[in-house]
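Numbered per my numbering, the sequence shown finishes at 98, counting up by one with no gaps.
See below for the structure under consideration.
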Amino acid sequence: MDITNKTPKPLSVPLPGGRTLFLGPGKTAQVTAKTLEHPPVAALIEAGDLTMASRDSKPRAGGGGGSKALPHPGSRHGGTGAMRQSGDR
Numbered sequence: 010m011d012i013t014n015k016t017p018k019p020l021s022v023p024l025p026g027g028r029t030l031f032l033g034p035g036k037t038a039q040v041t042a043k044t045l046e047h048p049p050v051a052a053l054i055e056a057g058d059l060t061m062a063s064r065d066s067k068p069r070a071g072g073g074g075g076s077k078a079l080p081h082p083g084s085r086h087g088g089t090g091a092m093r094q095s096g097d098r
C-alpha cells in the first residue's frame, strides 16, 4: 500500500512500534496494511492529510514521486579512472 502526503508541508507520521515516518510534501511511501490501521495514521487519512492507494491500482510507467539512485551523466567523480598507487614508489 502507498500513502501520499497531500499537504504543502512535511509530515511526521507516527508508525506502530514507536517509529516515525517523515514524509515530504507530495511524496509517497510504502506501508503495510497494519500501518494503515494504526490510529494516528488512520486519523491523518480521515483528515485528508494523507491519501492511500494500492500498489496494484496505478501502473508506474517511468514516472512516480520516488527518488532515483542513478548518477547524473555529467557528474564528476574526481578521477580519470586510473587506479590509485599504493606501497613503495
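Backbone N, C-alpha and C fix where the C-beta goes; we use that ideal spot for every residue, glycine too.
Remember, predicted model here, so these are calculated numbers, not experimental data.
| query | result |
| --- | --- |
| Given L30, which residues of its chain have a CB within under 7 Å of its CB, disregarding the five upstream and five downstream residues? | V22, L24, A38 |
| Just checking my contact of K15 with G57 at CB under 8 Å: how many whole Å lie between their CB atoms? | 6 Å |
| In angstroms, rounded to a whole number, what distance separates the CA positions of A51 and M92? | 54 Å |
| What is the DSSP secondary structure of T29, reduced to helix, strand or coil? | strand |
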